[in-house]
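These notes concern the structure reproduced below.
Below you can see the structure in the form of structure tokens.
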């Protein structure tokens with residue numbers, strides 16, 4: 001999507017500015033507003049508010065709603081504004097991008113803003129990463145945070161936990177287990193490192209228990225070997241050039257499996273898995 005480049009700075013009456021319904025920021029700290037209001041009263045508004053003209057002579061805020069609120073609180077009647085000519089879609093993209101670039105959104109507001117860019121306005125993950133100056137993996141990690149429930153997100157924000165806390169907790173797949181672990185993190189005031197260690201311990205315990213209960217099926221390894229062979233054949237039948245080689249090393253069997261990353265396809269089946277006797 002091409003963004004507008006026609007801009008002009010003018011002073012507009014404070015009452016003619018209206019909030020943007022697509023604003024990614026959902027909360028405004030009273031303490032921060034009070035501090036910003038005092039600063040504006042003493043030094044003026046250092047950065048104009050980005051707006052676009054709408055019907056009825058009003059101007060919709062693209063970015064700078066917090067500054068606008070602080071200006072009104074400081075008693076300013078005329079506010080310096082950067083007026084831009086743009087469509088609804090362009091306004092939405094600019095509102096989200098400019099807020100994200102300021103890097104003072106709370107972590108879930110940022111993730112939700114990126115999601116809206118992609119789902120509502122067709123911005124690709126690659127384009128979002130480029131515009132925000134982040135790697136695609138960083139964008140993917142932020143989007144992954146939205147898998148947490150609204151209750152979990154609220155708890156994380158209200159207790160001042162960091163993005164790294166959230167990412168560590170998200171490694172627990174079960175919601176109930178996450179809630180219990182999150183409660184421990186909050187109650188004990190755990191650091192990121194301590195949280196990561198607790199998550200690791202929890203995951204190890206969950207994987208160790210079923211392993212002890214199922215050792216009896218490991219007496220005949222042919223079940224597992226057949227599973228590997230079947231998986232390779234299934235991929236080959238689907239046109240994926242998967243290959244497997246099995247070697248008898250005496251005390252153990254060595255399997256080498258090769259699967260092309262590009263998902264190359266072939267008309268016929270590829271090399272069959274090795275079938276040396278166990």
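In this note's numbering, the protein residues as written are 1 to 278.
Cβ coordinates follow ideal geometry from the N, Cα and C atoms, glycine included.
DSSP places residue 112 in the helix class (H, G or I) of the three-state scheme.
One thing to note: residue 63 has its Cβ within 8 angstroms of the Cβ of residue 99. Just measuring C-alpha positions, the residue of 248, 252 and 243 sitting nearest residue 259 is 243. Under the 8 angstroms Cβ criterion, the region 16-33 counts as touching the region 51-62, having at least three qualifying pairs.
Restricting attention to alpha helix (DSSP H) runs no shorter than 4 residues, the region 149-207 encloses them at 150-158, 163-169 and 175-188, ordered along the chain. With distances taken between CA atoms, residue 159 lies nearest to 183 out of 140, 86, 183 and 66. Straight-line spacing of the CA atoms in residue 151 and residue 179 works out to 9 angstroms. The C-alpha of residue 79 lies about 59 angstroms from the C-alpha of residue 205. Annotation: residue 142 is outside any beta strand (DSSP E); the continuous alpha helix (DSSP H) that includes it extends over 136-144.
Residue environment: residue 46 is assigned as exposed (fewer than 16 neighbouring CB atoms within 10 Å of its CB, all protein chains considered). Rounded to the nearest whole angstrom, the CA to CA distance from residue 254 to residue 227 is 15 angstroms. Each of 236, 163 and 132 was checked against the Cα of residue 141, and the nearest Cα belongs to 163.
In terms of Cβ geometry, residue 167 and residue 143 do not form a close pair [threshold 8 angstroms]. Judged by beta-carbon spacing, residue 157 lies within the 8 angstroms limit of residue 106, meaning their Cβ atoms are closer than that value. Pairwise C-beta distances place the region 82-96 out of contact with the region 37-45, as fewer than three of them are shorter than 8 angstroms.
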